[in-house]
Ligand SMILES: [Cu+2]
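Residue numbers (this note's numbering): 81 to 269.
Following this line, the structure appears as structure tokens:
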């Protein structure tokens, strides 16, 4: 949506009206839960991110939960002193990046929306999740469950929430220009 201002003479300035959605998300019985993904699905589709990385360091994937837009290529560098065998499930298919040494990286492109569940064959405790979304409007909650989504075009959206436990939900949300503080989002299985 554009707010058009007619300036002096023939000058024409268009200022976009943007909105911000803020709030807190939690699993049932909690005041706030980290690593919940919140995103707004609407008419505006996303462009692929130019950079996305899931690092392997100290036998952990980092970040544990991340979001990328459709078409993004994610790099999976090994910055550990040990070998990892990265494999993942994405849209009901398994892909395997194999074993590769410290200081090297392997890319994988994700061209459809969905959840990518990432594991290591060598270390069963290693796991990470990537949510592939087709919208530029998303956030991952901090450890207190708080999130902020900025620079949203006002309009009607489907508000999605997702947590690695399998809890997820969707509801309709009308976003108006300016601040949109939302009530606590409880994410149920
Ligand atoms: Cu490993």
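All residues carry an ideal CB built from backbone N, CA and C; glycine is no exception.
- With 5 Å as the limit, the residues whose C-beta approaches a heavy atom of ligand 1 more closely than that are 164, 200, 202, 203 and 206, in chain order.
- If you draw a straight line from the Cα of residue 204 to the Cα of residue 122, it is about 37 Å long.
- Looking only at 224, 209 and 140, the smallest Cα-Cα distance to residue 246 is reached by 209.
- Taking 8 Å as the cut-off, the Cβ atoms of residue 117 and residue 220 count as close.
- The Cβ atoms of residue 215 and residue 119 lie closer than 8 Å to each other.
- Taking all protein chains in view, the Cβ of residue 238 is surrounded by fewer than 16 other Cβ atoms within 10 Å, so the residue is classified as exposed.
- In this structure the region 140-152 does not touch the region 257-266; the number of beta carbon pairs closer than 8 Å is below three.
- Cβ contact annotation for residue 201 (same chain, cutoff 7 Å, sequence separation greater than five): 165 and 167, in chain order.
- If you draw a straight line from the Cα of residue 231 to the Cα of residue 269, it is about 30 Å long.
- The C-beta separation of residue 176 from residue 157 comes to about 17 Å, leaving the pair out of contact by the 8 Å criterion.
- Between the alpha carbons of residue 187 and residue 153 lies a gap of roughly 6 Å.
- Per DSSP, the unbroken beta strand (DSSP E) holding residue 187 starts and ends at 185-190.
- Annotation for residue 100: the continuous beta strand (DSSP E) segment containing it runs 99-106.
- Inter-residue distance for residue 196 and residue 171 is about 8 Å (C-alpha atoms, whole angstroms).
- A straight-line Cα-Cα distance of about 13 Å links residue 194 and residue 248.
- Here the alpha carbon of residue 252 sits roughly 29 Å from the alpha carbon of residue 132.
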